[in-house]
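What follows is a short report on a single structure.
4 protein chains.
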Amino acid sequence: MPSPKPPTALRVTVWGEGLHEQRDAGVAERYPDGMHGAVAQGIAEHLGEAAVLRTATLAEPEHGLTEEVLAETDVLTWWGHLAHREVSDEVVERVRRRVLAGMGLIALHSAHWSKIFTRLMGTTCTLRWRSVGERELVWTVDPAHPIAAGVPHPIVIEQQEMYGEFFDIPVPDELVFISSFSGGEVFRSGCTFRRGHGRIFYFGPGDQDYPVYHHPDVRRVIANAVRWAAPRGGGAKPRLEHSDTGWWAAGGDEQP
Amino acid sequence: MPSPKPPTALRVTVWGEGLHEQRDAGVAERYPDGMHGAVAQGIAEHLGEAAVLRTATLAEPEHGLTEEVLAETDVLTWWGHLAHREVSDEVVERVRRRVLAGMGLIALHSAHWSKIFTRLMGTTCTLRWRSVGERELVWTVDPAHPIAAGVPHPIVIEQQEMYGEFFDIPVPDELVFISSFSGGEVFRSGCTFRRGHGRIFYFGPGDQDYPVYHHPDVRRVIANAVRWAAPRGGGAKPRLEHSDTGWWAAGGDEQP
Amino acid sequence: MPSPKPPTALRVTVWGEGLHEQRDAGVAERYPDGMHGAVAQGIAEHLGEAAVLRTATLAEPEHGLTEEVLAETDVLTWWGHLAHREVSDEVVERVRRRVLAGMGLIALHSAHWSKIFTRLMGTTCTLRWRSVGERELVWTVDPAHPIAAGVPHPIVIEQQEMYGEFFDIPVPDELVFISSFSGGEVFRSGCTFRRGHGRIFYFGPGDQDYPVYHHPDVRRVIANAVRWAAPRGGGAKPRLEHSDTGWWAAGGDEQP
Amino acid sequence: MPSPKPPTALRVTVWGEGLHEQRDAGVAERYPDGMHGAVAQGIAEHLGEAAVLRTATLAEPEHGLTEEVLAETDVLTWWGHLAHREVSDEVVERVRRRVLAGMGLIALHSAHWSKIFTRLMGTTCTLRWRSVGERELVWTVDPAHPIAAGVPHPIVIEQQEMYGEFFDIPVPDELVFISSFSGGEVFRSGCTFRRGHGRIFYFGPGDQDYPVYHHPDVRRVIANAVRWAAPRGGGAKPRLEHSDTGWWAAGGDEQP
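Protein chains in written order, with full-length UniProt numbering: chain A, 1 to 256; chain B, 1 to 256; chain C, 1 to 256; chain D, 1 to 256.
Pasting the structure below:
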């Protein structure tokens, strides 16, 4: 539930599948407030009063992503893994419309294969993987990018699932991070994409089997990304427009 | 029907909706062999023996795009306008799989709103438009790009439909052409995108109401694009891969 | 001279060549406080207390760009035209080092041919031009970009010098604006580039012969760009580093 | 010396500093025909009759890069390490003009710090390094790129100098390869850039202390890159152009 904050605060909805925590004692112990809980705490830790947070999960009606909730969401973070197929197509299309109208989207780790991410990318978003607790090093290759502000080079994550190339995504608009794993694989682990008026960030680190969402640098990156993805403009989905010659004489569109 | 050519020739399928030609005498007169016929002739004019051409239209079974036809297609060009919704979802998904596995796709003019193009882009692909016979100037902004080889700067098209910004596409991988129209609008009219192993080119010029596909420079651009979009590699859709540590010792993947 | 502001305000130096204003009565009348004065007023208008402004010109010792001034500058805007060659190579190299270490740079109009801009780009930065008072329309093609926030689509500038393609710059990292001119030419008029830790924005509008720096939307874009170009990190020029294996165990670099 | 080939063959000049081979017996043994000799053999192996090769070194008059040689060169490959500063500024500027006019440039390994590469990039081109014979894995992240055609994923190089991020280059137009090293670092090891009408490819692998230019996959990449970098157009350096309204009525420019 959102806490009472000034209306100028960034309204963030943290979506989590919420299944591993119920089915696997290790995950429940690792993430006593749910994985979404840990993600939300990390954002709150960094953005403080500047953000109003709520969480939503698969099990809620409409997965907690009603028209009303989305209308009041500036940035949505998404984590899912076991049950991508169980997410309703209607909700996915609703989220997609909001992104195209300007809502930010942060896709975390296994959300690479979520319906919403693959739908916005157009590709399979498949990758190479292995889960043997390898060390992940996250290297910044765009040091002037606000999402990389304040993180060490490299970020060291002692234990992680390996995600490796080829990662079948469109060429990112900006490549912020590249990860390496002990086994030798590399992964484009921090990527931005623009779709319509919306900004999307994909971030590789984060898994149910490792306490990655408690890692201070991972939390900072996610918080940076939330701030970066905040909508800039008015917010309507782009639409087909018939325009007479010189239509802008009255002042032009408020936004393209 | 494909003519007998050596197997190394580029296999090109030119897809046309084929409706305007039947419903509008002006279009039929302008394009006596169909719009797809004009597109195919333009490609043949430039690629000669290097290409084997076939055409396919909406009215054919499976729109002429069976698994067999697609398996034998290196590059597919697409023009549609009136009946995007009548294209079967199954055929669209089949084409998409082939693009992700490496088939080139050339989306022409009003194909910006085709199911296959919007599905691969993830955005609305909407734009601004007006059809009053304006002059379009096509300016090259990437002169080292093979798609721009041999065309004048600018290409002058005396009469065209206006397509203007904001064009709701992902940021193109490469921006080759920008058009201006007499009315003052601009349009990113030559854009490349990579999706999976496939290469996509969107080209703005071309309309049923103007003889644009008879324009020598437009034909040259389309032929250049067909050559550029030819697949490079072996050709399988990217897939999720579980990999043991050091799996590449046996030689690595033939392609990522 | 900088006004006394809190140290967290953005420190902006507006550099102007300052020659046209002295040699041409029309320019002096159009820009009574100098062209740099008009640029500075536009920034102040939008950023208010958030920015501390100073101006500097060619005629000052070291062109007003001493090590001390640059060390206290977060973002530098640059306008020059007649006397690019008279700018000292030493000052240019000093500015370049500061940009690579994180200082933002806004290159305005004819600064496309300044030593500092061409040095950072590596290309000729030549273009096509004509000065007959044409209408320029500035179209936003990246509506989610903060530099485009709050401007109409298109920005209408009644009279401007024409700058047209081919503009010999590297492919921009982000293309924010495309302009058209009454004569039919187009121009990539809003382009971002990253170099080292620094962010660079090139903006086309602005000329001594037209009152473009009094145009409210042009002023807004420049102010947006100043905010966008503010440094993110600590600030040292990238350098060659020899690193032992596992050197990051002590915590990694503060910035890459 | 060029062998007699038909004029349509690609004219390639392989430039090598040629010092290590003279000063260090290990290098001389490893590269009995010089490092440039090994690079040239690798290109010949793949391009055969399609390329006419010559080599040039630092010690030759004008470093072997006279106006005549450059006028007859379509693609230049560059390897240097010890003596970047001894390369004449005049020759560097001559090479730069040719690149801007369309000549391809392949910068190999330590050429990251050559005058010609840094001059075209505008940045410091510094990086992190360590030479302890680590295994380098070269991963393809752009499988549809012609430079990646036919190479395994990953390319395995048993012993190499480590080059790591942050690599201070402009954002590449295309990122083709990312390398990892045994020590954990990553490196953007295959990058394309366009400058003027010219195409540039930077490729990380290759060092005097390891036999990397005898590696079959490294040779294939270099040969692919040479083919990719071949000029497309007529070939004049971009220049400032004053243009009257409607100047294109006579047919437009042959190239932008």
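Yeah, the Cβ is synthetic: ideal placement off N, Cα and C, and Gly gets one too.
What's the call for residue i, buried or exposed, on a 16-neighbour Cβ count within 10 Å?
i                : result
Thr124 (chain B) : buried
Glu72 (chain D)  : exposed
Glu68 (chain B)  : exposed
Met1 (chain C)   : Bear in mind that a pLDDT of 35 at Met1 (chain C), under 50, signals an unreliable position, so the model cannot answer this.
Tyr213 (chain C) : buried
Val171 (chain A) : buried
Gly112 (chain C) : The residue asked about is misnamed: residue 112 (chain C) is His in this sequence, not Gly. Looking at its Cβ environment, which holds 16 or more other Cβ atoms inside 10 Å, His112 (chain C) is buried.
Gln22 (chain D)  : exposed
Val39 (chain A)  : buried
Ala236 (chain A) : exposed
Pro32 (chain C)  : exposed
Pro6 (chain B)   : At Pro6 (chain B), the pLDDT of 44 sits below 50, so the modelled position is not reliable; the number obtained from the coordinates is stated separately. Flag for Pro6 (chain B) reads exposed.
Ala59 (chain A)  : exposed
Val132 (chain A) : exposed
Ala25 (chain D)  : exposed
His242 (chain D) : exposed
Asp74 (chain D)  : buried
Using the beta-carbon of each residue, which ones in chain B are nearer than 8 angstroms to residue i?
i                : result
Trp129 (chain A) : Leu240, Glu241, His242, Ser243
Arg199 (chain D) : Ala144
Taking Cβ-Cβ distances shorter than 7 angstroms, what residues in chain A pair up with residue i?
i                : result
Gly184 (chain D) : Leu137, Ser180
Arg195 (chain B) : Gly122, Thr123, Pro170
Can you pull the chain A residues whose beta carbon is under 8 angstroms from the beta carbon of residue i, in chain order?
i                : result
Arg188 (chain D) : Val141, Ile178
Could you give the residue range of the alpha helix (DSSP H) that holds residue i?
i                : result
Phe117 (chain A) : 115-121
Val212 (chain C) : Where Val212 (chain C) is concerned, there is no enclosing alpha helix (DSSP H), given that its DSSP letter is neither H nor E.
Ile43 (chain D)  : 34-47
Arg194 (chain D) : Run containing Arg194 (chain D): none in the alpha helix (DSSP H); it sits in the beta strand (DSSP E), 186-195.
Arg96 (chain B)  : 89-100
Val138 (chain B) : Not the alpha helix (DSSP H): Val138 (chain B) falls in the beta strand (DSSP E), residues 128-140.
Arg85 (chain C)  : Careful: Arg85 (chain C) lies outside any alpha helix (DSSP H) and carries neither H nor E.
Leu58 (chain B)  : Note, Leu58 (chain B): premise wrong, no alpha helix (DSSP H); not H, not E.
Tell me whether residue i, by its Cβ, gets closer than 6 angstroms to a heavy atom of the ligand GDP.
i                : result
Glu185 (chain B) : Because no ligand of any kind appears in the structure shown, any question about the ligand GDP cannot be addressed here.
Among the options, which one has its Cα closest to the Cα of residue i?
i                : options                                : result
Gly204 (chain B) : B:Leu53, B:Met35, B:Ser179, B:Leu82    : B:Ser179
Trp248 (chain D) : B:Glu62, B:Glu86, B:Ile157             : B:Ile157
Trp87 (chain B)  : B:His63, B:Thr192, B:Ser182            : Before going further, note that residue 87 (chain B) is Val rather than Trp in the sequence given. For the residues B:His63, B:Thr192, B:Ser182, the minimum Cα distance to Val87 (chain B) belongs to B:His63.
Glu29 (chain B)  : B:Arg239, B:Ser243, B:Gln208           : B:Gln208
Asp36 (chain B)  : B:Gly104, B:Ala56, B:Glu49, B:Arg85    : The sequence as given places His at residue 36 (chain B); Asp does not occur at that position. Nearest option by C-alpha distance: B:Ala56.
Trp15 (chain C)  : C:Leu47, C:Arg23, C:Ser110, C:Pro154   : C:Ser110
Ile155 (chain C) : A:Val52, A:Gly251, A:Leu47, A:Phe187   : A:Gly251
Pro238 (chain B) : A:Leu53, A:Gly150, A:Phe201, A:Glu165  : A:Glu165
Leu100 (chain B) : B:Arg128, B:Ala83, B:Leu70, B:His81    : B:Leu70
His215 (chain D) : D:Glu45, D:Gly18, D:His20, D:Glu17     : D:Glu45
Trp195 (chain B) : D:His145, D:Val138, D:Ala9             : Here residue 195 (chain B) turns out to be Arg, not Trp, going by the sequence shown. With distances taken between Cα atoms, Arg195 (chain B) lies closest to D:His145.
Leu137 (chain D) : A:Arg119, A:Thr140, A:Arg54, A:Phe181  : A:Phe181
Arg227 (chain A) : A:His242, A:Ile147, A:Gln159, A:Thr8   : A:Ile147
Met162 (chain C) : C:Gly183, C:Leu240, C:Glu174, C:Gly122 : C:Gly183
Val186 (chain A) : A:Arg54, A:Arg130, A:Trp79             : A:Arg130
Thr13 (chain A)  : A:Gly150, A:Thr245, A:Thr66            : A:Thr66
How is the beta strand (DSSP E) around residue i delimited, first residue to last?
i                : result
Met162 (chain D) : 155-164
Val171 (chain B) : Run containing Val171 (chain B): none; DSSP gives neither H nor E here.
Arg239 (chain D) : Run containing Arg239 (chain D): none; DSSP gives neither H nor E here.
Val12 (chain A)  : 10-16
Ala249 (chain C) : Where Ala249 (chain C) is concerned, there is no enclosing beta strand (DSSP E), given that its DSSP letter is neither H nor E.
Leu76 (chain B)  : 75-79
Gly104 (chain B) : 104-108
Leu19 (chain C)  : Taken as a continuous stretch (DSSP letters only), Leu19 (chain C) belongs to no beta strand (DSSP E), as it is neither H nor E.
Identify the contact partners of residue i in chain D, using a Cβ-Cβ distance below 9 angstroms as the criterion.
i                : result
Asp173 (chain C) : Pro170, Val171
Residues of chain D with CB closer than 7 angstroms to the CB of residue i, please, in chain order.
i                : result
Thr126 (chain C) : Pro238, Arg239, Leu240
Closer than 8 angstroms by beta-carbon distance: list the chain D residues that pair up with residue i, in chain order.
i                : result
Val132 (chain C) : Thr245
Run down chain C in chain order and give the residues with a C-beta less than 8 angstroms from the C-beta of residue i.
i                : result
Arg119 (chain D) : Gly122
message: Can you pull out the residues from the region 101-114 of chain A whose beta carbon lies closer than 9 angstroms to at least one beta carbon of chain B?
response: Trp113
- prompt: Using a beta-carbon distance cut-off of less than 9 angstroms, what residues from the region 144-159 of chain A approach chain C?
  reply: Ala144, His145, Pro146, Ala148, Ala149, Gly150, Val151, Pro152, His153, Pro154, Ile155, Val156
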